[in-house]
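Okay, structure first, notes after.
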Amino acid sequence: MRYSKFFGKTQKETPKEAVAVSHKFLLRAGFVHQLAAGLYEFLPLGFRVLAKVDQIIKEELAKKGVQHLLMPLVHPASLWKETGRYDKVDVLLKFTSARGTDCVLAPTHEETVTDLARRYIHTYKDLPVVVNQNQWKYRDEIRATGGLLRTREFLMQDAYSFDRDKAGLDESFDKMVAAYHSIFARIGIPVVVVKADSGTMGGSDSQEFGVIADVGEDRIMLCDKCDYKANIEKAESKFEVHKQDKEMKPMKKVEGKDIIGVEALAAHLGVPVHSTTMTLLFQADKEIVAVMMRGDYHVSETKLRNYLGCKNLNLTTPEVVKKITGAEVGYDGPVNLPKGIRIVADLSCKDRINFEAGANETHFHNLNVNFERDFPTPEFADIREANDGDICASCGKGKLQVKNSIELGHVFKLGTCYSEWMKANFVDNDGKSKPIVMGCYGIGISRLIAGIVESSHDEKGIIWPKTVAPFTVELISLGKDEAVLKRANELYEELLEDDVEVLYDDRDESAGFKLNDADLIGIPLRILISSRTLEKESVEWKERSEKEAKIVSLKDLKKNYENFIAR
RNA sequence: CGGGGUGUGGCGAAGUUGGCUAUCGCGCAUGGUUUGGGACCAUGAGGCCCUGGGUUCAAGUCCCAGCACCCCGACCA
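In our numbering, the protein residues as written are 6 to 572.
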């Protein structure tokens, strides 16, 4: 392709909306254009990258026997009502067709794929099977951010496995995890795999594939001694145990007016932060639960939700707090709560003696509170979000470090929830009808592109890995010298003959202009011809990832190129 | 969903207490000089100053309403 005829040009100035590095470079270099919030057009450069990633994913999955298919973007609402997700998924865009049918734009495809399964899978002999599609999704996010990092409409690879039992699912799952590793390895992006929560998808044993980057919205914890890795929502750590009093002291009510935050409170009361207690009232489905957390930790709502086994979990409103405790928010405590309120305390609260807690009276706290004596001993559970620097629960030695990560892929063992909701059953070899055991596996393809840029760039622009670069070679001619232009044109034709994906910058522009554009676009190999190089029957050879260029003679070009590709 | 911010040629911006023909840089077109790290000269094209309403002799500028986009937050008691 001649750059002079190419659709989509570079820009010198960064559009003001771009904050994330990937967003800036992808816009400036002409890979994408923003149509509206969270909606992007892929220009020829961007589309070429998208197509390559798409292709790599399909090839790697096919190697594992995964079969490709394609399901619609528009679904009848009835399908979503079957699983109950019609009213539950808040990013679901609902609309009515011209014929008056209620429809949704698919944010994911469990419903349609399970519908296909119940139509086409009848016997255990049809199992196991894994199907995949790379299809657009629409999620009506309230807030799209960071360019391609979080869009409303995005291309996603989503595969679904069907097995006759749990053991089969484990096998399919492992196969898909292996496929994901080969996909990311082939693309050349370093991924970190962490344990994660399965969220509204349902299921268990979920793992996230992410790339570490400051702009990432996920926080993951990595142990610096062992290979324990987990999303912060799930991470398990050891809490520091502090020396406790031997004897219980009498409980004492003290004033702490207008003191916000545990640190200020601890200072005011003259007690260590770890002996303070936050008591939070949660609405867990229909039940109200009081949650006690040691002052130096925060509640992991994910852990709490999993422990309680509830679907919806929210903090109660200040009005409800007032009604239940009789006090303003901020003074809730476990003592004198109305009878029947379930109390769950984090493990870090256990074995404490003489701790602080809110007094359920505006402006007042209790000191020297004790379990059993002052209120019924609560249930204890790990509902704590690990702090940066906590000791790893897995090896007991290393420290957990928090890193930001961009979630690129997510795999879940769904089990039988969808097949039960939608009656996708098969007849097993014992003659009994059983629900199909499912797994699902997704990669955000458009987000992956942003992830690649986030993890592979320098101050001048993008550095594309060879496998997904929009072109493999950028050929640049410098100057107006007839001989140079002639040789460059010949070389361009030769490269095309050899099926090399080449972008030929044939524009009549200054050297700096063209070289800066090349750095920005980030094509892995740059071959430059000028009168200076032509004198020596050679070209300048510069790999985007290398600092220095070298001179390669024209007759050795092909050999060098073959080596470059093979590397 | 809460808070904050921004809307002016394709991009980035300036535009004072309301005032005369809406300004600058980049980009674009034409001609010429240049060509190894975003060259230069000359000429030129390109505007519903987000939309609607209002105030005024006069509105890019003030007021009201709306729309769009961006950022932060959305449990920390």
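Every residue gets a Cβ at the ideal spot worked out from N, C-alpha and C, and that includes glycine. Remember, it's a predicted structure, so these values are computed and weren't measured experimentally.
How close, in whole Å, do the beta carbons of residue i and residue j come, if the pair is a contact with beta carbons under 8 Å?
{"i": "Val-340", "j": "Leu-286", "result": "Contact flag wrong, Cβ pair sits at about 14 Å."}
{"i": "Cys-445", "j": "Tyr-165", "result": "5 Å"}
{"i": "Ile-534", "j": "Ala-493", "result": "5 Å"}
{"i": "Val-71", "j": "Asn-139", "result": "Contact flag wrong, Cβ pair sits at about 11 Å."}
{"i": "Leu-413", "j": "Phe-159", "result": "Actually they do not touch by this definition, with Cβ atoms about 12 Å apart."}
{"i": "Phe-431", "j": "Asp-131", "result": "7 Å"}
{"i": "Leu-454", "j": "Val-58", "result": "First, the amino acid is wrong: residue 454 is Ile here, not Leu. The Cβ separation is near 7 Å, so the contact holds."}
{"i": "Pro-381", "j": "Ile-192", "result": "Not confirmed; about 55 Å, so no contact."}
{"i": "Glu-542", "j": "Ser-558", "result": "6 Å"}
{"i": "Asn-365", "j": "Gly-394", "result": "No, Asn-365 and Gly-394 are not in contact; Cβ-Cβ is about 33 Å, not under 8 Å."}
Going by alpha carbons, who is nearest to residue i out of the options?
{"i": "Leu-84", "options": "Ala-103, Asp-120, Thr-538", "result": "Asp-120"}
{"i": "Ala-42", "options": "Thr-106, Asp-145, Ala-67, Lys-93", "result": "Asp-145"}
{"i": "Gln-249", "options": "Pro-277, Asp-232, Ala-269", "result": "Pro-277"}
{"i": "Val-134", "options": "Lys-355, Pro-343, Ser-177, Lys-541", "result": "Ser-177"}
{"i": "Ala-386", "options": "Trp-141, Lys-308, His-462", "result": "Lys-308"}
{"i": "Ile-293", "options": "Val-304, Val-349, Met-283", "result": "Val-349"}
{"i": "Pro-20", "options": "Lys-14, Gly-13, His-28", "result": "His-28"}
{"i": "Ile-448", "options": "His-186, Thr-106, Ala-34, Arg-90", "result": "His-186"}
{"i": "Asn-373", "options": "Met-253, His-80, Asp-219, Glu-46", "result": "Met-253"}
{"i": "Ile-188", "options": "Arg-104, Leu-55, Ile-62", "result": "Ile-62"}
{"i": "Ala-201", "options": "Tyr-233, Ala-172, Asp-219", "result": "Tyr-233"}
{"i": "Arg-549", "options": "Lys-563, Ser-558, Leu-530, Tyr-45", "result": "Leu-530"}
{"i": "Ser-573", "options": "Arg-33, Asp-175, Phe-11", "result": "Limits of the chain in this structure are 6 at one end and 572 at the other, which puts residue 573 out of reach."}
{"i": "Met-577", "options": "Glu-64, Lys-239, Ala-23, Val-507", "result": "The chain is shown only over 6 to 572; residue 577 falls outside these bounds and no answer can be derived."}
{"i": "Asn-434", "options": "Arg-33, Arg-572, His-127", "result": "His-127"}
{"i": "Asp-503", "options": "Pro-470, Ile-570, Lys-552", "result": "Ile-570"}
{"i": "Phe-476", "options": "Met-76, Lys-328, Val-267, Leu-501", "result": "Leu-501"}
{"i": "Gly-345", "options": "Pro-383, Glu-116, His-368, Thr-322", "result": "Pro-383"}
{"i": "His-609", "options": "Leu-274, Cys-231, Cys-400", "result": "With the chain represented from 6 up to 572, any question about residue 609 goes unanswered, as that position is not in the structure."}
{"i": "Ala-67", "options": "Ala-184, Glu-499, Asp-395, Val-96", "result": "Ala-184"}
{"i": "Tyr-129", "options": "Asn-568, Lys-437, Ser-305, Val-489", "result": "Lys-437"}
{"i": "Arg-537", "options": "Asp-561, Asn-568, Val-489, Ser-515", "result": "Val-489"}
{"i": "Glu-390", "options": "Thr-322, Tyr-302, Lys-355, Thr-330", "result": "Tyr-302"}
{"i": "Ser-515", "options": "Lys-485, Met-297, Ser-543", "result": "Lys-485"}
{"i": "Lys-230", "options": "Ala-398, Leu-75, Arg-347, Lys-86", "result": "Ala-398"}
{"i": "Leu-75", "options": "Ile-396, Ala-172, Trp-141, Ile-237", "result": "Trp-141"}
{"i": "Asp-263", "options": "Thr-322, Val-334, Phe-360", "result": "Val-334"}
{"i": "Lys-239", "options": "His-247, Gly-266, Arg-310", "result": "Arg-310"}
{"i": "Asp-356", "options": "Ile-237, Lys-491, His-279", "result": "His-279"}
If you measure between the beta carbons of residue i and residue j, is that distance less than 8 Å?
{"i": "Ala-122", "j": "Ile-441", "result": "yes"}
{"i": "Ala-362", "j": "Asn-375", "result": "no"}
{"i": "Val-199", "j": "Ala-235", "result": "yes"}
{"i": "Lys-256", "j": "Asp-379", "result": "Checking the displayed sequence, the identity of residue 256 turns out to be Met instead of Lys. Contact flag set, yes."}
{"i": "Val-478", "j": "Val-505", "result": "yes"}
{"i": "Tyr-312", "j": "Ile-388", "result": "yes"}
{"i": "Tyr-497", "j": "Leu-483", "result": "no"}
{"i": "Asn-521", "j": "Trp-546", "result": "no"}
{"i": "Ile-411", "j": "Gly-466", "result": "no"}
{"i": "Thr-282", "j": "Gly-300", "result": "yes"}
{"i": "Leu-44", "j": "Arg-157", "result": "yes"}
{"i": "Lys-316", "j": "Asp-290", "result": "yes"}
{"i": "Ala-295", "j": "Leu-352", "result": "no"}
{"i": "Met-443", "j": "Phe-167", "result": "yes"}
{"i": "Cys-108", "j": "His-80", "result": "yes"}
{"i": "Thr-113", "j": "Asp-163", "result": "yes"}
{"i": "Gly-151", "j": "Ala-332", "result": "no"}
{"i": "Ser-451", "j": "Leu-153", "result": "yes"}
{"i": "Ile-194", "j": "Val-220", "result": "no"}
{"i": "Thr-106", "j": "Tyr-423", "result": "no"}
{"i": "Leu-78", "j": "Leu-110", "result": "yes"}
{"i": "Tyr-8", "j": "Tyr-509", "result": "yes"}
{"i": "Gln-288", "j": "Thr-321", "result": "yes"}
Q: Kindly provide the ranges of any beta strand (DSSP E) runs that are 3 or more residues long and lie completely inside the stretch 99 to 148, ordered along the chain.
A: 107 to 110, 134 to 143
(Q) If contact is defined by three or more beta carbon pairs under 8 Å, each pair taking one atom from either stretch, is the stretch 415 to 424 in contact with the stretch 228 to 244? (A) no
Q. If we count Cβ pairs, one from each stretch, closer than 8 Å, do we get three or more for the stretch 402 to 412 versus the stretch 220 to 232?
A. Contact holds: three or more Cβ-Cβ distances are below 8 Å.
Q. For the stretch 30 to 38 against the stretch 47 to 55, are there 3 or more C-beta pairs whose distance is under 8 Å?
A. yes
Q.
List, from N- to C-terminal side, the alpha helix (DSSP H) runs of 4 residues or more that fit wholly inside the stretch 446 to 530.
A. You should have 450 to 460, 487 to 502, 516 to 526.
Q.
Please give me, in chain order, every unbroken run of the alpha helix (DSSP H) with length at least 4 that falls completely inside the stretch 310 to 381.
A. Counting only runs of 4 or more, we get 323 to 330.
Q: For the stretch 403 to 434, list the beta strand (DSSP E) runs that are entirely contained and at least 3 residues long, ordered along the chain.
A: 405 to 420, 430 to 432
**Q.** Inside the stretch 38 to 97 only - alpha helix (DSSP H) runs reaching at least 4 residues
**A.** 49 to 68, 82 to 87
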